[in-house]
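So the mapping is simple: this note's numbering equals the position in the sequence shown, first residue as 1, plus 1351.
Below is one structure, written out as C-alpha cells; the observations come after it.
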Amino acid sequence: MLNLILFGPPGAGKGTQSEKLIAKYQLVHLSTGDIFRSNIKGGTELGTLAKSYMDKGQLVPDDVTIRLLESEVNKHPNAKGFIFDGFPRTIAQAEALDAFLAKKGQSISVILSLEVEEDELRQRLTERAKSSGRPDDADPAVIQKRIDVYKNETLPLKQHFTAQGKYQGINGIGEIETIFNALCEKIDKVKNVVAK
Ligand code: AMP
1352 MLNLILFGPP GAGKGTQSEK LIAKYQLVHL STGDIFRSNI KGGTELGTLA KSYMDKGQLV
1412 PDDVTIRLLE SEVNKHPNAK GFIFDGFPRT IAQAEALDAF LAKKGQSISV ILSLEVEEDE
1472 LRQRLTERAK SSGRPDDADP AVIQKRIDVY KNETLPLKQH FTAQGKYQGI NGIGEIETIF
1532 NALCEKIDKV KNVVAK
C-alpha cells in the first residue's frame, strides 16, 4: 500500500495537489477539513462541534479528529492506499495514526511537505476567500490564527517525521504542474521501494 501524508500550512496547495495525485495514483483522499465541512453542511452533531473550532481557526480536539479519521479509513478496506490531507496536525494525531496503521500491518510511506512562506500563504488564502465560501478564509484574524496554530502545533511534526526518515520537503511556490511533477518524482521513488 502507498500511504502518503500531504503536509504543509493552510494555503500551501494540499487540496489542489491531492486532487491531481488521487487521479494519477488511484488513492483514497482523506481530508479531515473536507469531512468536517461536509458534516457542517449536513447539520450533524460532529459538524456543530467542529464548526465551533474551525470558525476561530483552532484545531478540532484530537480525540474527535482521530476517531473520525480511523472510521473513514475503515470505510475503505480495499484501498490501494491513502492520501492523508490535513491530518495529522499534532504529535498525538501522528502517533495515533502510526499505531492504527501498524495494527493493520501498514505504515506511512512518505510525508510530502509543501513549503510556502507566510506572506504568500496570507495572500493565497485572502484570494481563495473570494471563491471558497469558507468563513475561515474570509477573516484576516482567523487566517493569522490558522498560520500561528500551524507553526505552534503542527510544524513540530516536521522533526517527528524527519526522525522517521520519511520527511520530504517540496517547494510549494510555482506552477501547479511543476509542483505536481516534483511530488510525483518523490512518490515514484517510494513506490519502487514499496513494490520491491
Ligand atoms: P483544512 O481544510 O485542512 O484547512 O482545515 C480546516 C479546519 O478544520 C482547520 O482550521 C481545523 O479547525 C479543522 N481541522 C482539519 N483537520 C484537522 C485536524 N487534523 N486536526 C484538528 N483540526 C482539524
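Ideal Cβ positions, reconstructed from N, Cα and C, are used throughout, including at glycine.
Take the Cβ of residue i as the centre, count every other Cβ of all protein chains shown within 10 Å, and call the residue buried at 16 or more, exposed below.
i, result
"Ser-1422", "exposed"
"Asp-1539", "exposed"
"Asp-1436", "buried"
"Asn-1354", "buried"
"Val-1544", "exposed"
"Ser-1460", "buried"
"Lys-1375", "exposed"
"Ile-1462", "buried"
"Ile-1356", "buried"
"Gln-1368", "buried"
"Ala-1514", "exposed"
"Pro-1361", "buried"
"Ile-1527", "exposed"
"Arg-1418", "exposed"
"Ser-1382", "buried"
"Gly-1523", "buried"
Check whether the Cβ of residue i lies closer than 7 Å to any heavy atom of the ligand AMP, and answer yes or no.
i, result
"Pro-1361", "yes"
"Gln-1444", "yes"
"Leu-1508", "no"
"Gln-1368", "no"
"Gln-1409", "yes"
"Gly-1437", "yes"
"Phe-1387", "yes"
"Met-1405", "yes"
"Asp-1395", "First, the residue type needs correcting, since residue 1395 is Thr and not Asp in the sequence shown. No; taking the cut-off as 7 Å, the Cβ of Thr-1395 has no heavy atom of the ligand AMP nearer than that."
"Arg-1440", "yes"
"Ser-1464", "no"
"Gly-1523", "no"
"Gly-1520", "no"
"Arg-1475", "no"
"Ser-1382", "yes"
"Thr-1399", "no"
"Thr-1513", "no"
"Asp-1487", "yes"
"Arg-1479", "no"
"Thr-1529", "no"
"Arg-1418", "no"
List the residues that DSSP assigns as beta-bridge partners of residue i.
i, result
"Asn-1354", "Phe-1433"
"Ser-1382", "Asp-1436"
"Ile-1462", "Ile-1356, Tyr-1518"
Can you find a C-beta in chain B that's less than 8 Å from the C-beta of residue i?
i, result
"Lys-1454", "Given the protein chain composition of this structure (a single chain), no chain B is represented."
Enumerate, from N- to C-terminal direction, the unbroken alpha helix (DSSP H) stretches of 4 or more residues contained entirely within the stretch 1489-1538.
-> Fully enclosed alpha helix (DSSP H) runs of no fewer than 4 residues occupy 1491-1500, 1508-1514 of the stretch 1489-1538, in order along the chain.
Pick out the complete beta strand (DSSP E) segments inside the stretch 1402-1436, 3 residues or longer, and give them in chain order.
-> Counting whole runs of 3 or more residues, the stretch 1402-1436 contains the beta strand (DSSP E) stretches 1432-1436.
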